[in-house]
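Residue numbers (my numbering): 5 to 153.
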Amino acid sequence: MKRTILPLALGVGLVTLHSCGGSDAGTADLPPLDTVRWGQADCSILKGGVAFHLDYELGGQHQGSDVVRITGDELDCTACAAEGLTQGEVSCYESGPGHFTIKAVKSDDKGNSRAWKGEVVNGVYSGEMNVSRADGSSSVYLFNGRAEN
5 MKRTILPLAL GVGLVTLHSC GGSDAGTADL PPLDTVRWGQ ADCSILKGGV AFHLDYELGG
65 QHQGSDVVRI TGDELDCTAC AAEGLTQGEV SCYESGPGHF TIKAVKSDDK GNSRAWKGEV
125 VNGVYSGEMN VSRADGSSSV YLFNGRAEN
């Protein structure tokens, strides 16, 4: 299926993404990952709370950064409340030690949402984020980043 991205929808998506993160959430200032902890991690690690520092890309271009925090089945992203995204759900599926899949959605009651789906391998989370808007438009961003620790 051929995808066509309208400039207006793309612009709205970029403004929306920028407002849910900014550009200062990168991983450069984070301490090294605890490779022993993350090499043995499974979905239970989310119960204690994990913050993933994610970088987003669209069409091969960096679009911004974000911090996604998951604690149990609660989810938040940087500035999501300012966008009105207050409803969240999280699911996690284990593949083996240090390897699991997280599906997470943050939405409002108007039809706006962000849906992350990706794999965590040894503390690095990568996948796709679908930004859907109430007008029916959407954008799919690739993301990659890592846990705080």
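Virtual Cβ for every residue (Gly too), placed ideally from N, Cα, C.
Pull up the DSSP beta-bridge partners for residue i, would you.
i: I74; result: V54, L79
i: E87; result: DSSP lists no partner for E87.
i: Q67; result: Beta-bridge pairing links Q67 to no other residue.
i: S136; result: S117, S142
Relative to the C-alpha of residue i, which residue among the options is closest?
i: K121; options: F104, D112, D113; result: F104
i: G92; options: A119, L37, W42; result: A119
i: V40; options: G102, A138, D112; result: G102
i: L146; options: S111, D77, T90, G68; result: G68
i: A55; options: P35, V71, L89, G63; result: V71
i: L89; options: G76, S95, A108, C96; result: A108
i: I74; options: A85, S95, E61, E87; result: S95
i: E87; options: S48, C47, A138; result: A138
i: G131; options: D38, I106, S48; result: I106
i: A32; options: A85, D59, L50, D46; result: D59
Grouping DSSP H, G and I as helix and E and B as strand, with all else coil, what is residue i?
i: S141; result: coil
i: G131; result: strand
i: N153; result: coil
i: A108; result: strand
i: G115; result: coil
i: G43; result: helix
Our contact map puts residue i next to residue j with C-beta atoms below 8 Å; I'd like the distance itself, whole angstroms only.
i: S117; j: S136; result: 5 Å
i: G149; j: H57; result: 5 Å
i: C81; j: K114; result: Not confirmed; about 17 Å, so no contact.
i: E152; j: L34; result: 6 Å
i: N126; j: G43; result: 6 Å
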